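In the numbering used here, the protein residues as written are 978 to 1281.
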């Protein structure tokens, strides 16, 4: 059976149109990157619970789904995990207690969302936030299939009465252990998946926030501070940045709940394909269903 590094490199060659002569180089670089990134046996603390319990009103029930980034992989303090950052952020901005239940798992792919939804069903979520896709890339899952599974998860959550926010897959071009040309190929592939995710999730009724190049401007200021010791997962600063975008989208979706499609706060409407393309190149951009029809989207750029 071929190694994950070889299958990933081969798929990347096909997807990005890289010449066959580069294939051997990509295999070597993929193997080296896997050694550089490594793993850690440590698992972050669980941040489930109520945030802002001193506030008035019934807690908003929020379900977090996804992979190791949503888990908070690499963090030793619960305060630095997405559970805490998102819970505190939503509670403060909506002035409501927020009950977080995180069912995400390290290594999860889009196919695992169905199991995670079943696990969190007893939470009866009013708001669900999904962050998935990185492991679909590293395991050579076709973008179309990955996006279809994401759309199915969004549809299922909305049918159960939850508002849904999706963070698109981050730009792999910012991961330093990936050397050129492997980094270039993975950047192409991650942005392609992000576009597919955006179209599929918005069509299913979710609000999508782009994480494509969200870390890049801050990397120029803070450099390596946004990545953890494994050079792949975010650091505390990185998790804070990602959580900021997710909270902004979650609050916007909650405030417009029950109104579909929406264009509240959008600077413009464009076709869904155009919106997905724009968002894949502008981190923090929110894309939501628009008033003009199924193939249109309301776009709200991030105000830096």
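Even for Gly, the Cβ is constructed at its ideal location relative to N, Cα and C.
Keep in mind the model is a prediction, meaning the values are calculated, not measured.
Item                                                                                                                                                    : Value
Excluding five sequence neighbours on each side, which residues of the same chain lie with their C-beta closer than 8 Å to the C-beta of residue 1135?  : 1141, 1181, 1182 and 1183
Given this structure, state the Cα-to-Cα distance separating residue 1266 from residue 1227, to the nearest angstrom.                                   : 15 Å
Check this for me: beta carbons of residue 1085 and residue 1130, under 9 Å apart or not?                                                               : no
Assuming residue 1176 contacts residue 1253 (C-beta within less than 8 Å), just tell me the rounded distance between them.                              : 5 Å
If the criterion is Cβ atoms closer than 9 Å, does the pair residue 1037 and residue 1104 meet it?                                                      : yes
Starting from residue 1092, follow the alpha helix (DSSP H) in both directions and report where the run begins and ends.                                : 1090 to 1096
How far does the alpha helix (DSSP H) with residue 1111 in it reach, from first residue to last?                                                        : 1111 to 1115
Give me the Cα-Cα distance between residue 1059 and residue 1246, rounded to the nearest whole angstrom.                                                : 30 Å
So the alpha helix (DSSP H) residue 1263 belongs to, where does it begin and stop?                                                                      : Counting along the chain, residue 1263 falls outside any alpha helix (DSSP H), though it belongs to the beta strand (DSSP E) covering 1263 to 1267.
Which same chain residues end up closer than 7 Å to residue 1072 when comparing Cβ atoms and leaving out the 5 residues on each side of it in sequence? : 1032
Between the Cα of residue 1188 and those of 1216, 1261, 1116 and 1119, spot the shortest distance and give me the residue it belongs to.                : 1261
Let me confirm a value: residue 1046 is counted as buried when at least 16 other C-beta atoms fall within 10 Å, else exposed. Which label applies?      : buried
Between residue 1107 and the rest of its own chain, which residues show a CB-CB distance below 6 Å, the 5 nearest in sequence each way excluded?        : 1042, 1043 and 1143
In angstroms, rounded to a whole number, what distance separates the CA positions of residue 1121 and residue 1212?                                     : 30 Å
Given a threshold of 16 other Cβ atoms within 10 Å of its Cβ, counted over all protein chains shown, does residue 1272 qualify as buried or as exposed? : exposed
Can you pull the DSSP bridge partners for residue 927?                                                                                                  : Residue 927 is absent from the model: the chain starts at 978 and stops at 1281.
In whole angstroms, give me the CA-to-CA distance for residue 1062 and residue 1269.                                                                    : 35 Å
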